[in-house]
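Asker: In the working numbering, the protein residues as written are 1 to 442.
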C-alpha cells in the first residue's frame, strides 16, 4: 500500500486514497506503540545476569532491526502522504481550471445571445445585468489568479509532468482574455445603444413639447376686449421665452447625433427625426412671431374701439346739447352769456355752460366756445390717433380691416357733424352780436 504508484486519476479518487492512507497511518501509529513496548521488554532480557535464555547480542540486533523497519514504514507513510497531497493539489488545480473554463463558456454563450435592447427601458435592464456580470468577472478573475499561482507552485515542485499543467494554464488564459474582450465589446455596444435610445427619448420629448407649443401659439383666441388681449399677450410672451430657451437644445441635436456610434448615427430614421425637429421648431418660432403680431393688432383694435367709444360718448353729449341750445336774441342776454357761465359736466370730459338767471333775465343754455374749443382740440387729437392706428391696421392687412375702417368712418362723420354744429352756433351767436351792436350804434 505504501509503495503503490496509484495517486488517483481525479480529485475524488485522491480524496478517497488520502482517507484510506489516514487510516493506515493511524494503524501504523497504534502498532508503533506496541512495537516500542515489545522492544523495551526484549531489551530487558539482554540485561539479565546469570542465566540467559538467548544471546543478548541477538536480542539487540533483532530490536534494532524491528526499530529500523518501523522507521522505514513511517518514512514510506510520510512519503506516500506527501505524494497524495501533491496529487490532491494537482487535481484541485485541474478541477478549478475546469470550473473556470465552464464559467467562461457559460458567459460566452450569454454574451453571444444577448441583444442590446429595443428601447431605453430594456437597455437599462441589460446594462444593470451587465454590471452584475462585471462584478462576477472581477471575482472570477481573483479566483483564477489564485489558481494560476497554485499551478506555478506545482510546476516549481516538479512533482508531475509540466506539459499538461502549462497547456491548461495557457488555454484558460487565452479563453479568459477572449472573454474579457467580448465583455468589453458588449459593454461598448450597450453604452452606444444607451446613448442612442437616450438621444431618441430626448428627441421624442422635445417633439412632444414642440407640438404642445405649436397648438398654443397657433390658437385663434385673441381675446374679446382690452383686458383679455393684454392677459393673452403676457402669457404668449412667456411662451416665446420658453421657445427661445429650447433653441439651444434644438441646435445641439446635430452635435449629439455626431457623437453617436456610426451604426446609430448613420440610420436614416434618426437623421429624418432630427430634420423634423428642426423644421417643427422653425414653424413654432415663426407662428409665435405671427401670434405676437396678431395679439398686438387685436390689442390695438380693442384699444381703438375703447377710444372710439369714449370719443363717441363725448360727441353724443355735445350733439344733444348743441341741438337743444338756443341763441339769445337780446344784447343784454348775449353779454350775460359772455360773462356769467358755470360749467356743466359731461361724461366724455366735455364742458358746457349753463347761464344762471340774473334779475328777471331768462335762463339761456349756450356753449362757452373758448372752453369748448379746448375740448375739441383734445378730442380731435384723440381722433387723429385713432385714424393713425386704423391706417396701420389696414396697411398691415388686419383681418378686421373692414370693420375697423367702418368704425373710423362712423367716428369721423360724427365728429364732422359736431364741428358743423359748433360752427353754426358760433355763426348764429356772431350774427346776433353784430345786429345788437349795430342797433346800439344807431
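Note that beta-carbon positions come from the ideal geometry of N, C-alpha and C, so glycine has one too.
All values derive from a computational prediction rather than experimental measurement.
1. May I ask you to report which of helix, strand or coil DSSP gives residue 224?
2. Kindly indicate which three-state DSSP category residue 306 falls into: helix, strand or coil?
3. In whole angstroms, give me the CA-to-CA distance for residue 88 and residue 79.
4. What does the alpha-carbon distance come out to for the pair residue 278 and residue 217?
5. Could you check if residue 273 is buried or exposed, using at least 16 other CB atoms within 10 Å of its CB as the buried criterion?
6. To test your reading of the DSSP string, which unbroken alpha helix (DSSP H) runs of 4 or more residues are found completely within the stretch 213 to 257?
7. By the three-class DSSP mapping on this structure, what secondary structure does residue 439 have?
8. Am I right that residue 108 and residue 182 are in contact with their C-beta atoms under 8 Å? What's the rounded C-beta distance?
9. On the three-pair Cβ rule with 8 Å, is the stretch 303 to 313 touching the stretch 247 to 255?
10. Might you give, ordered along the chain, the residues of its own chain that have their beta carbon closer than 8 Å to the beta carbon of residue 386, omitting 5 neighbours on each side?
11. Any contact between the stretch 210 to 224 and the stretch 291 to 298? By contact I mean 3 or more CB pairs, one from each, below 8 Å.
12. Kindly list the residues whose CB is nearer than 6 Å to the CB of residue 258, restricted to its own chain and excluding five residues on each side of it in sequence; keep chain order.
13. Which of helix, strand or coil does DSSP assign to residue 325?
14. Could you check if residue 205 is buried or exposed, using at least 16 other CB atoms within 10 Å of its CB as the buried criterion?
15. Are residue 208 and residue 243 touching if we call contact CB-CB under 8 Å?
16. Might you give, ordered along the chain, the residues of its own chain that have their beta carbon closer than 6 Å to the beta carbon of residue 241, omitting 5 neighbours on each side?
17. Taking only three categories from DSSP, how would you classify residue 9?
18. In whole angstroms, what separates the C-alpha of residue 504 from that of residue 213?
19. Would you tell me roughly how many angstroms separate the C-alpha atoms of residue 232 and residue 389, rounded to the nearest one?
20. Work out the CA separation of residue 434 and residue 336 for me, nearest whole Å.
21. Given a cut-off of 8 Å, decide if residue 319 and residue 417 are closer than it, judged by their beta-carbon atoms.
22. Report the CB separation of residue 11 from residue 95 in whole angstroms; it is logged as a contact under 8 Å.
23. Answer yes if the stretch 181 to 198 comes into contact with the stretch 120 to 136, meaning at least three C-beta pairs across the two stretches below 8 Å, and no otherwise.
24. Closest to residue 30 by C-alpha separation, out of 65, 74, 245, would be which residue?
25. Could you check whether residue 157 and residue 86 sit closer than 8 Å to each other, using their CB atoms as the reference points?
26. Can you give me the C-alpha to C-alpha distance between residue 27 and residue 130, rounded to a whole angstrom?
27. For residue 345, which residues of its own chain have a beta-carbon under 6 Å away from its beta-carbon, when the five flanking residues on both sides are left out?
28. Within 8 Å, do at least three Cβ pairs link the stretch 136 to 146 to the stretch 98 to 106?
29. Counting only the same chain and skipping the five closest in sequence on each side, list residues whose C-beta sits under 8 Å from that of residue 32.
30. For residue 174, does the count of other Cβ atoms within 10 angstroms reach 16, so buried, or fall short, so exposed?
Answerer: Quick answer:
1. Three-state DSSP puts residue 224 in coil, outside helix and strand.
2. The answer is helix: DSSP assigns residue 306 an H, G or I state.
3. The straight-line gap from Cα to Cα measures roughly 14 Å.
4. Inter-residue distance for residue 278 and residue 217 is about 17 Å (C-alpha atoms, whole angstroms).
5. With at least 16 other beta carbons inside 10 angstroms of its own, residue 273 counts as buried.
6. The qualifying runs are 226 to 245, 247 to 251.
7. The three-state reading of DSSP puts residue 439 in helix, counting H, G and I together.
8. A Cβ-Cβ distance of about 7 Å is found for the pair residue 108 and residue 182, placing them in contact under the 8 Å criterion.
9. Segments in contact, no.
10. Annotation for residue 386: 304, 307, 308, 311, 408, 411 place their beta carbon closer than 8 Å to its own, counting only its chain and skipping 5 residues before and after.
11. These segments touch.
12. Result list for residue 258: empty, nothing under 6 Å.
13. The answer is coil: DSSP assigns residue 325 none of H, G, I, E or B.
14. Residue 205 comes out exposed.
15. At least 8 Å separates the beta-carbon of residue 208 from that of residue 243.
16. Answer for residue 241: no residue qualifies.
17. DSSP places residue 9 in coil when its eight states are reduced to three.
18. No information on residue 504 is available, as it lies outside the stretch 1 to 442 that the chain covers here.
19. In a straight line, the C-alpha of residue 232 is about 21 Å away from that of residue 389.
20. Annotation note: pLDDT 47 at residue 336 (below 50); position unreliable, coordinate value reported separately. Taking the straight line from one Cα to the other gives about 16 Å.
21. The Cβ atoms of residue 417 and residue 319 sit closer than 8 Å to each other.
22. Contact between residue 11 and residue 95 holds, since their C-beta atoms are separated by about 5 Å, short of 8 Å.
23. With contact defined as three or more Cβ pairs closer than 8 Å, the stretch 120 to 136 and the stretch 181 to 198 are in contact.
24. Minimum Cα distance to residue 30 is reached at 74.
25. For residue 86 and residue 157, yes; Cβs fall inside 8 Å.
26. Roughly 55 Å separates the two Cα atoms.
27. Confidence at residue 345 is low in this model, with a pLDDT of 32, below 50, so the placement of that residue should be treated as unreliable; the coordinate-derived value is given next. Hits under 6 Å: none found.
28. Contact between the stretch 98 to 106 and the stretch 136 to 146 is established, with three or more Cβ pairs separated by less than 8 Å.
29. If we look at residue 32 and ignore the five residues flanking it on each side, its Cβ neighbours are 70, 74.
30. Residue 174 comes out exposed.
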